[in-house]
Structure formats: C-alpha cells, structure tokens
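Below you'll find the structure, written out as structure tokens, and then a few comments.
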Amino acid sequence: MATIAAGLSVTLRQRKPVPLECTLDCAPGELLALVGPSGSGKSTVLRCIAGLHRPSQGRVECGRASWLDRERGIALLPQHRRVGMVFQNYSLLPHLSAQDNVALALWQLPPGQRAAQAREWLARVHLHGLERQFPAQLSGGQQQRVALARALARTMTVTDEPAVLLLDEPFSAVDQVTRRKLQQELARLRRELSIPIVLVTHDLDEARMLADRMVLLHHGVSLQSGPPEEVMTRPANAAIAHLVGLGNLFEGIVGGPDANGKLVLEWLGRRLEVARNPGFAQGDKVNWVIPPEGILLHRSDRPSRGEAENPVSGRVVDCVVLGPYTQIMLRPESDQGKLPLTFSVPTHVAQRNRVAVGSVARITLLAQAIHLMRWEDSGRGERR
Amino acid sequence: MDWPALTLSLQLAAATTLLLLPLAILLARPLAWSRFAGKGLVEALVALPLVLPPTVLGFYLLLALGEHSAPGRLYHALTGRTLVFSFDGLLLASLVFNLPFAVQPIQRAFDAIPRGSREAAWCCGLSAWRTLWRVELPLAWPGLLSAIVLTFAHTLGEFGVVLMVGGNIAGETRTVAISIYDRVQSFDESGAAAMSALLVAISFAAIGTLNVLTRRIGRDGHDRV
Numbered sequence: 033m034a035t036i037a038a039g040l041s042v043t044l045r046q047r048k049p050v051p052l053e054c055t056l057d058c059a060p061g062e063l064l065a066l067v068g069p070s071g072s073g074k075s076t077v078l079r080c081i082a083g084l085h086r087p088s089q090g091r092v093e094c095g096r097a098s099w100l101d102r103e104r105g106i107a108l109l110p111q112h113r114r115v116g117m118v119f120q121n122y123s124l125l126p127h128l129s130a131q132d133n134v135a136l137a138l139w140q141l142p143p144g145q146r147a148a149q150a151r152e153w154l155a156r157v158h159l160h161g162l163e164r165q166f167p168a169q170l171s172g173g174q175q176q177r178v179a180l181a182r183a184l185a186r187t188m189t190v191t192d193e194p195a196v197l198l199l200d201e202p203f204s205a206v207d208q209v210t211r212r213k214l215q216q217e218l219a220r221l222r223r224e225l226s227i228p229i230v231l232v233t234h235d236l237d238e239a240r241m242l243a244d245r246m247v248l249l250h251h252g253v254s255l256q257s258g259p260p261e262e263v264m265t266r267p268a269n270a271a272i273a274h275l276v277g278l279g280n281l282f283e284g285i286v287g288g289p290d291a292n293g294k295l296v297l298e299w300l301g302r303r304l305e306v307a308r309n310p311g312f313a314q315g316d317k318v319n320w321v322i323p324p325e326g327i328l329l330h331r332s333d334r335p336s337r338g339e340a341e342n343p344v345s346g347r348v349v350d351c352v353v354l355g356p357y358t359q360i361m362l363r364p365e366s367d368q369g370k371l372p373l374t375f376s377v378p379t380h381v382a383q384r385n386r387v388a389v390g391s392v393a394r395i396t397l398l399a400q401a402i403h404l405m406r407w408e409d410s411g412r413g414e415r416r
Numbered sequence: 138m139d140w141p142a143l144t145l146s147l148q149l150a151a152a153t154t155l156l157l158l159p160l161a162i163l164l165a166r167p168l169a170w171s172r173f174a175g176k177g178l179v180e181a182l183v184a185l186p187l188v189l190p191p192t193v194l195g196f197y198l199l200l201a202l203g204e205h206s207a208p209g210r211l212y213h214a215l216t217g218r219t220l221v222f223s224f225d226g227l228l229l230a231s232l233v234f235n236l237p238f239a240v241q242p243i244q245r246a247f248d249a250i251p252r253g254s255r256e257a258a259w260c261c262g263l264s265a266w267r268t269l270w271r272v273e274l275p276l277a278w279p280g281l282l283s284a285i286v287l288t289f290a291h292t293l294g295e296f297g298v299v300l301m302v303g304g305n306i307a308g309e310t311r312t313v314a315i316s317i318y319d320r321v322q323s324f325d326e327s328g329a330a331a332m333s334a335l336l337v338a339i340s341f342a343a344i345g346t347l348n349v350l351t352r353r354i355g356r357d358g359h360d361r362v
C-alpha cells in the first residue's frame, strides 16, 4: 500500500463566484484541517484541489505533478488527478451496491481483481457482510464508510502517482455517537496513510482532535495556519481570536519587567505576569486573550495569600450549568465597565466552592496562557 | 386487416426510436446541465411539434424536404430517390415530430441526477464517456424508457404529418393510421374497427410495460437519490 511521498501545495485566488485568497500546504501523511464558518469558502478550496472548480488564478501541485497552473494554462480534469474525495453527503451512486460503488474507483485494475479489492476495502472500514447492500439500505454512518472506502481505493490503486485524500465535512451528517466512532476510526486509519489528507470542517473541536495542522479560512481568505492548539490559543489577531471562539479578549499595556525580570501586562490597574513576549516593547498597547482553560478557580475554603500566579478576584455575574461543566462569568473588582472573564470548571467544583451569581470568587490567570497580540481598534466591536 | 400497413408502421416506429434516442440524449444533456445563450430558444423549438397542428408541421416539412429544397436535391443526387412521398422522408419527418416526446422525458431525467453523482464518478477517475455509461444512463433509465415508449406509440398513431409528407402509397408510406382512415372513407367499418382495436391494444401494452418497468426500478431503489 505504499504510495510515493508527495506533498500538496495550493495557492488560489479569485473574485467570483466566491472570493478566494488562499494558500495551504500539506505534507505526505499529514492531516490538514481547513476550518472556517459556513460560507467561508472551505468547500470551494477543496473543489479546486479536486478539479471540480477552476479558480481564475492559482496553482495546485501534488509532488512534482502540476494539477493546476493558470499562468501556464494547466488545468487537469478531476479524472486526471489522483484524488480520493469523500463528499459531504457522500454522493454514493444509488444504483450500485456498496461493493460496486467501491469497485468504480478500481476501474484501472483488471476486471477480475476489482470485486476482491473492493471487498477488501470495505472490510478495512468495517463493512464486511454489507457488500451487496444498496446505499438506500445503509445507515448514514455506513454510507460514510463506503464513501471513505471508495476514496481510499481511488488513491491507492496506482501507487506510483501522487495522490491526496479530501474529506468534505465527512462527519456532519451523522449523529454524535456515530460521529465520535467514525472520528476515532479516521484517527486510527490515517496513521497507515502516507498521502496528504485535507479535512474540511466547521468544527474546531474536530480539527483539534484529528488534525496535525489547521488553516483558518474566513471569507475565502486563509488567515492563519499552524497546529490547532497554537491557532486556537495563540491567534495572530483579535479577528482570529473571535473566529476560534476566544471570548476573553481584552486590551492592556505592556509594562516593564517585574522584580524577577518577567514581562508584565498592565490591565485594569493590575500587573499580570506574562510568560511569552512575541516582541512587544514597554508601553505598547496590545490586545490579549486567555483561553478558558488558562483560568483556574481558587478553593473558597483555602484562600491563597497572594503567592498564587496572577490572582484576580471578582464577582460572579453569570453561572450556567452545562452538564458536567459549569460556565462562570466573573467581573473583576475595580472593573471600569469592561467585559467579564469567562471560564469553565467541573460542575462539582463549582458546587463545592458555592459559586453562584453575586458571590465573590478568586481566580488565577496562568502566565503561560496569556497571549499578547498587536492592538487593533476593531477588536471590540466584533464581539458576538 | 392491412398487414403491410401495420408492418410499415412498426418499421417506422422502430427506426424512429432507434435513431432518435441517441440524438435526444445528445440534445437533452446540455439542456439539463449547461447554461448557454439561446437555451430557451432551443427548448422552445424542441417543444414546438407538441403545439403545432400536424398539418402545419407537415406543410413545412413538405417544403423543407421537397424536390426543390436543398435537402431534397442533395438526397436525390446521392440516392436517386426523393425524400417526399418515400419511407426515408417519412422517417425524417417522424424524427422531427417526435422530438419533444423523446427529448423532454430524458431532459427531466438528467435534470434529476444530482451533480454529486457525476462528480463522484469523475473523482473515481471515470472519463466523461465512462461516466455516461456507468452513471448517467443507468440513473436516467426511467426517462429513457418513457422516451422510447412515447416515441414508439406516437409514431404508430401520427396521421397528419404522415399524410402531408408521405401521402398514401401502399408499402411505402401507408401507415396503419392512414389505412384506418382509408377504410372508413370506403365504408369498411369492420376493417377499421379491427385495426383500431389493434392500435389500442399495442398502445395499452406499451404504457403498461412502461409502468411496470418504472415501478420495478423504483422498488429496487435504483432511482432513489
């Protein structure tokens, strides 16, 4: 099953029908998540890679093969790109059985080998025994597996051509239990694949669980790429912070180093210790974010005596139980009408510490989690 | 019973269906899937034989295929035969007046094929030709079947255009429909009745077969999308 190692490199630009300004790279064996809200152009980017859409400008290269190069007038048909595609609604052919759907992607093999190969692929996605079923007789999760088997079969039949696997929101049409199961299976399966894999999703958690790297797309523009953990905790600017759902977005001023030589952020009359300085000078105005997991609640029965990291006390303005977790909004003391901090604790922790609306609580802002960004005026207004 | 007329009708219907089917597929695909300038005009032209009185259509075909027309002269130069008042001309006219009966059901069937089905085939590496045979035609099968039955049955029954273009030459252009008219004119009511009953039976059988076949396709889940 060894396919030659070839990375995918994509640059796309167009104005209509969907504006695109997108660059992405995906190494062999890497799973790249293309993340963005609906309508951000993720699917269009995927279709450009597959050859189902032709952008007005751009290049798509897979290894040494050029699939698209508008300047050189190259635009290969989808048939001539070795692309395994799992469509959002799977697009199984309704008149063909599960086995024949997979065999369709194996047409380059001698006719005698196709059926056996197709059965093998179905077995790999745990569909043994369902070969003769038609798509309409299969559950959503089973249909997704057939689609995955078909895509894999396409990318692996001829192994000396560079290939990519493209997944267009493959988990969006199944229930949550099935989704978890399929996601785990993909995580297992991908370890055996040595081709670039591009996963389109609007689900940040999915990207975090499955992807090695992610590209954040908004209005067709690729804004930031990197490991999901990094993009989601250290966004490049306030707009990206909003897109990855970081609500704790504030303004502050970079202060001088403290007694230990650590960088300090001045915020609402407080001096917060910051572990990482991406290159700001003293006196710079900045936006800063802290992910909810960077905020710790102090125990009410054992108040810390000031030695805790970046202690902040305030009044709880909102407290919502969301099953096993409770979301708390805390307005810091001496607040000058600014936004509260939002974070989550396990519900039993909230109960034991008697967190309720109106109560006073103390928290720690982990210096490691505070992320400074270039100040932007528009940062505040966009908050939803 | 005018057996030669019935044979001629069946020959004409079979030839029309056989020739028109690929032509209709060729025409219906772009009408279903592409957007191009003048598409509305083409659709209107295809539908025209539905609303035009057969005599009007027949009149224009007579002009277009006649001895002084370009197609008529070309055909005469090539074969030494005339197009009008011959089986060949009748076949040509039959292709024209059956156009909507073949194109429209096929166009609707292609229209109903989800774009994703074709794209999935392309992403499996299937060429346009393979996609036509493995995906498009099997999925459009109910529409193709409708087109076949409608064209066949309609050719058997067409009267006005046949009379205008072909006249009434036994063994060459006298179809069953013309023959029935002849019998009535010559007060042979029993002959007309027998042939009419036969036409009713054939048409009924055709529609019945169509219904059974389409329903079976639906039951197998073949046309579900």
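Chains as they are written, first to last, in my numbering: chain Z, 33 to 416; chain U, 138 to 362. Heads up, the beta-carbon is just placed ideally off N, CA and C, and yes, glycines get one too.
Excluding sequence positions up to five away, which residues of its chain have a Cβ less than 7 Å from the Cβ of residue i?
i      : result
Z:Q175 : Y122, L124, P167
U:T363 : In the structure as shown, chain U starts at 138 and stops at 362, and residue 363 of chain U therefore has no counterpart that could be examined.
Z:E341 : E305, T396, L398, A399
Z:R151 : Q131, E163
U:L199 : V221, M301, V302
Z:P289 : L295, V296
Z:A135 : R146, A147, A150
Should residue i be flagged as near chain Z, meaning a C-beta pair shorter than 9 Å?
i      : result
U:E326 : no
U:P251 : yes
U:R353 : no
U:G280 : no
U:E180 : no
U:S171 : no
U:R245 : no
U:H359 : Note that U:H359 scores 47 on pLDDT, short of 50, meaning its location in the model is unreliable; the coordinates nonetheless yield the value given after this. Taking Cβ atoms only, chain Z reaches closer than 9 Å to U:H359, which makes this a yes.
U:P111 : Outside the shown range of chain U, which is 138 to 362, sits residue 111 of chain U, and nothing can be said about it.
U:S283 : no
U:V286 : no
Give the range of the alpha helix (DSSP H) segment to which residue i is assigned.
i      : result
Z:L46  : Correcting the residue identity first, residue 46 of chain Z is Gln in this sequence and not Leu. Per DSSP, Z:Q46 belongs to no alpha helix (DSSP H); it is in the beta strand (DSSP E), 40-46.
Z:E152 : 143-156
U:W266 : 265-268
Z:L397 : Z:L397 -> not in any alpha helix (DSSP H); beta strand (DSSP E) instead, spanning 392-397.
U:W170 : 140-170
U:D225 : 224-234
Going by beta carbon distance, what residues of the same chain come within less than 6 Å of residue i, once the five residues before and after it are set aside?
i      : result
Z:N309 : L295
U:A329 : I317, R320, V321
Z:A268 : Q256
Z:R363 : G346, R347, V349, P372
Z:Q165 : A130
U:L187 : P237
Z:L199 : V118, L231
Could you please give the first and the last residue of the uninterrupted beta strand (DSSP E) stretch that includes residue i?
i      : result
Z:W299 : 295-299
Z:E53  : 52-58
Z:C94  : 89-94
Z:T233 : 229-233
Which same chain residues end up closer than 8 Å to residue i when comparing Cβ atoms and leaving out the 5 residues on each side of it in sequence?
i      : result
Z:R386 : S332
U:G308 : P141, L145
Z:L66  : L56, K74, V77, L78, V230, L231, V232, T233, M246, V247, L249
Have a look at the DSSP bridge pairing and note the partners of residue i.
i      : result
U:F247 : DSSP lists no partner for U:F247.
Z:Y357 : Z:L354, Z:P378
Z:W320 : Z:F282, Z:L404
Z:M246 : Z:A65, Z:G258
U:Y318 : Note: U:Y318 sits in no beta bridge, so no partner.
U:V188 : BP columns for U:V188 are empty, so no partner.
Z:M117 : Z:L198
Z:D101 : Z:R91, Z:I106
Z:E305 : Z:V296
Z:I327 : Z:L397
Z:G346 : Z:P364, Z:A393
U:L202 : BP columns for U:L202 are empty, so no partner.
Z:P373 : Reading off the sequence shown, one finds Leu at residue 373 of chain Z, where the question assumed Pro. Its beta-bridge partners are Z:L362.
Z:F122 : Residue 122 of chain Z is actually Tyr in this sequence, not Phe. Z:Y122 is bridged to Z:F119.
Z:G425 : In the structure as shown, chain Z begins at 33 and stops at 416. Residue 425 of chain Z is therefore absent and cannot be evaluated.
Does any C-beta atom of chain U lie closer than 9 Å to the C-beta of residue i?
i      : result
Z:S171 : no
Z:F375 : no
Z:A82  : yes
Z:R96  : no
Z:V23  : No information on residue 23 of chain Z is available, as it lies outside the stretch 33 to 416 that chain Z covers here.
Am I right that residue i and residue j are in contact with their C-beta atoms under 8 Å? What's the rounded C-beta distance?
i      : j      : result
Z:E283 : Z:W407 : 7 Å
Z:D478 : Z:V353 : Lying outside 33 to 416, the shown extent of chain Z, residue 478 of chain Z is not represented and no answer is given.
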